[in-house]
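Note that the working numbering numbers the sequence shown so that position 343 is 602, with each residue one more than the last.
Don't be surprised by glycine CBs; every beta carbon is placed ideally from N, CA and C.
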Amino acid sequence: MRRSIVEIEERIRRGEATVLTAEEVRALVDEGAVTELQDVDVVTTATRAVMSGTYAVFSFRLAERGSFSRAVSARINGVPAHVGPCPNERLGHVDLIVFGTAHRDERYGGGHLFRDLVARKSVCVDVETSDGRCISRDITLDEIPHARLFGTRHAFMNYSAFVNTGDAQSTIFHAIPFPPAMSGASFSGCGILNPLKNDPLLETIGVGTRVLINGAEGFVIGTGTRSTPERPNLSGFADMHQMIPEFMGGFVTSAGPECITSWAVPVPVLSRYVLDAVLLPEKSIPMPVMDISTRSPLWVADYAQVWQDVDLAVRVRSDSCRDCRDCIAEISCPMGAIKRPVRIDRSLCFNCGLCSVLCPDVFRARLGSIRSPDGLGVPVTLRQSDRLRAMKLARILKKRILDGSFRISACVERLSP
Ligand code: SF4
Numbered sequence: 260m261r262r263s264i265v266e267i268e269e270r271i272r273r274g275e276a277t278v279l280t281a282e283e284v285r286a287l288v289d290e291g292a293v294t295e296l297q298d299v300d301v302v303t304t305a306t307r308a309v310m311s312g313t314y315a316v317f318s319f320r321l322a323e324r325g326s327f328s329r330a331v332s333a334r335i336n337g338v339p340a341h342v343g344p345c346p347n348e349r350l351g352h353v354d355l356i357v358f359g360t361a362h363r364d365e366r367y368g369g370g371h372l373f374r375d376l377v378a379r380k381s382v383c384v385d386v387e388t389s390d391g392r393c394i395s396r397d398i399t400l401d402e403i404p405h406a407r408l409f410g411t412r413h414a415f416m417n418y419s420a421f422v423n424t425g426d427a428q429s430t431i432f433h434a435i436p437f438p439p440a441m442s443g444a445s446f447s448g449c450g451i452l453n454p455l456k457n458d459p460l461l462e463t464i465g466v467g468t469r470v471l472i473n474g475a476e477g478f479v480i481g482t483g484t485r486s487t488p489e490r491p492n493l494s495g496f497a498d499m500h501q502m503i504p505e506f507m508g509g510f511v512t513s514a515g516p517e518c519i520t521s522w523a524v525p526v527p528v529l530s531r532y533v534l535d536a537v538l539l540p541e542k543s544i545p546m547p548v549m550d551i552s553t554r555s556p557l558w559v560a561d562y563a564q565v566w567q568d569v570d571l572a573v574r575v576r577s578d579s580c581r582d583c584r585d586c587i588a589e590i591s592c593p594m595g596a597i598k599r600p601v602r603i604d605r606s607l608c609f610n611c612g613l614c615s616v617l618c619p620d621v622f623r624a625r626l627g628s629i630r631s632p633d634g635l636g637v638p639v640t641l642r643q644s645d646r647l648r649a650m651k652l653a654r655i656l657k658k659r660i661l662d663g664s665f666r667i668s669a670c671v672e673r674l675s676p
């Protein structure tokens, strides 16, 4: 038995469709309430993670027509931008491309800039022109008519966990120098919520599939770089004007700032095959464990080890705080979310759990551990995916499908993973 998108769209329009988040499906499966194709029409999936393959394209008027010939270099809030590709000769206009991983300094990069723009903060554009002048302008997103965010490699079906068999070292895969000698692990991936876990053969997700990127409507362009049938990922884009700040941002690693991006993808349950993928439990989702030093695989764990029986958010016991002058948790927090007197700014917190490792008296969370083949557990010391906000995004997508403000769409071309 197969169903069509048109059929499901019609059920949504008539108010008869069963639209569930991936988390809700899991709970119903455990109760035995979802077993057949007709039990669910659309599953809303989501992921929020540190995603390096992110860039933004901006195009806007910088100065009066004829006031300069061309831009040759540019920075926005100090973050280096690439000028072009259009030269915009004598138009007073600039086209700029900013990488999410570009850095102004050790604590601020492209990801921070994207969030500041979406939060409607004023940013400073500094442009060097071909005649050697510098033009500066303060600007907000509402004065940038074209602002699109692109992903070159996003939303892996399952990413990896990392451990370190060698000495401590700085890396984009940890917010502090990576703990040595297998004493800690970091990982990415939202487990059962991940979009491609629910459609690994890309039966419903293809070119032109409508999605939410950082909360804004966008589209899948194709598979991303390094996509393979075993571990597919996606590329896509969305308009930044409609994005929601809490789903994006910068994440400071021990090798410099990285970029956080979120995706929510509707998966229409068109076939038994898609349903079987949706029903797959967390313990059946492989999580390759890699050595951070060599980037070589060591063994394969599963996502139940890091997402079952853990705390998705950190609790704060402020009465245990000794108010240390140099608070290691505050200094190391990749989001700058720890404030004094001790508290967590939840609008910034990524739920990475690092503070609970560095100061367990004050910050409490169970993060789980990754079992090695010899049966020992390597404790998780950093999460680079935020499942709590991915769940929120999946709920937002569900609501928008049901109230008709988000239309599920058939892809215009199938992808091969
Ligand atoms: S969990 Fe702790 S360390 Fe991580 S972002 Fe939140 S406050 Fe910062």
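Legend entry - Given Pro438 as reference, the closest of Val639, Ile655, Val671 once Cα atoms are compared: Val639
Inset, instruction - Rounded to whole angstroms, what's the CA-CA distance from Met650 to Arg374? Just pull it up for me. - result: 20 Å
Legend entry - Bridge partner(s) assigned by DSSP for Pro439: According to DSSP, which records beta bridges pairwise, Pro439 is partnered with nothing at all.
Inset, instruction - Please list, in chain order, all residues of the same chain as Leu493 whose beta carbon is under 6 Å from its beta carbon, the five residues on each side excluded. - result: His413, Ala414, Val479, Gly483
Inset, instruction - Counting only runs of 3+ residues fully inside the segment 514 to 593, write out the beta strand (DSSP E) ranges in chain order. - result: 515 to 527, 545 to 550, 555 to 561
Inset, instruction - Give me the Cβ distance between Phe327 and Thr388, rounded to the nearest whole Å; I'm assuming they're in contact under 8 Å. - result: 4 Å
Inset, instruction - Please report the residue range of the beta strand (DSSP E) in which Phe373 lies. - result: It is not in any beta strand (DSSP E) - Phe373 instead sits in the alpha helix (DSSP H) that spans 369 to 377.
Inset, instruction - Tell me, to the nearest whole angstrom, how far the beta carbon of Ser579 is from that of Asp620; I am working on the premise that it is less than 8 Å. - result: 5 Å
Legend entry - Endpoints, the beta strand (DSSP E) within which Asp300 is located: Neither: Asp300 is in no beta strand (DSSP E) and is coded neither H nor E.
Legend entry - Same chain only: Cβ atoms within 7 Å of Arg285, ignoring 5 sequence neighbours per side: Ile451
Inset, instruction - Tell me whether Gln643 sits in a helix, a strand or coil according to DSSP, three-state version. - result: coil
Inset, instruction - For His352, I'd like the list of residues in its chain whose CB is within less than 8 Å of its CB, leaving aside the five on either flank, ordered along the chain. - result: Ser318, Phe319, Arg320, Leu321
Inset, instruction - Please name the residue or residues paired with Pro339 in a DSSP beta bridge. - result: Arg334
Inset, instruction - Say yes only if the C-beta of Met546 is nearer than 8 Å to one or more non-hydrogen atoms of ligand 1, and no if none qualify. - result: no
Inset, instruction - Verify whether the separation of the beta carbon atoms of Arg605 and Ser615 is less than 9 Å. - result: no
Legend entry - Cutoff 6 Å; reference Leu471; Cβ partners in own chain excluding five residues on either side: Ala523, Leu656
Legend entry - Cys592 beta carbon near ligand 1 (any heavy atom closer than 8 Å): yes
Legend entry - Asp355 (DSSP reduced to helix, strand or coil): This sequence places Leu at residue 355; Asp is not what is there. DSSP places Leu355 in strand when its eight states are reduced to three.
Inset, instruction - Note the first and the last residue of the continuous beta strand (DSSP E) segment covering Asp397. - result: 393 to 398
Legend entry - Contacting residues, own chain, Cβ-Cβ under 6 Å from Gly681 (five flanking each side not counted): The question about residue 681 has no answer here: the residues shown for the chain are numbered 260 through 676.
Legend entry - Backbone CA spacing between Leu455 and Val526 [nearest angstrom]: 9 Å
Inset, instruction - Would you kindly check if the distance between the Cβ of Cys449 and the Cβ of Trp566 is under 9 Å? - result: yes
Legend entry - Ala305 versus Arg659, Arg648, Ile667, Arg666, residue with shortest Cα-Cα distance: Arg648
Inset, instruction - Tell me whether Phe478 counts as near ligand 1, meaning its Cβ is closer than 8 Å to at least one heavy atom of that ligand. - result: no
Legend entry - Any non-hydrogen atom of ligand 1 within 8 Å of Gly612 CB: yes
Inset, instruction - Tell me whether the beta-carbon of Gly369 lies closer than 9 Å to the beta-carbon of Thr313. - result: yes
Inset, instruction - Could you tell me if Val302 is buried or exposed, where buried requires 16 or more neighbouring beta carbons within 10 angstroms of its beta carbon? - result: buried
Legend entry - Segment limits, alpha helix (DSSP H) that includes Ile271: 264 to 272
Legend entry - Distance cut-off 8 Å: Leu647 Cβ against heavy atoms of ligand 1: no
Inset, instruction - Output yes or no for whether 9 Å exceeds the beta carbon distance between Ala330 and Ile356. - result: no
Legend entry - Any non-hydrogen atom of ligand 2 closer than 8 Å to Leu607 Cβ: Within the structure as shown, ligand 2 is missing, the only ligands being ligand 1.
Legend entry - Exposure label - Met260; buried when at least 16 CB within 10 Å: exposed
Inset, instruction - Within the same chain, show all residues whose beta-carbon is closer than 7 Å to that of Asp426, passing over the 5 residues directly before and after it, in chain order. - result: Pro439
Inset, instruction - Please determine, among Asp498, Ser381, Gly325, the residue with the shortest C-alpha to C-alpha distance to Asp390. - result: Gly325
Legend entry - For Glu323, three-class secondary structure by DSSP: coil
Legend entry - Span of the alpha helix (DSSP H) around Cys216: Residue 216 cannot be examined here, being either before or after the span of the chain that is shown, 260 to 676.
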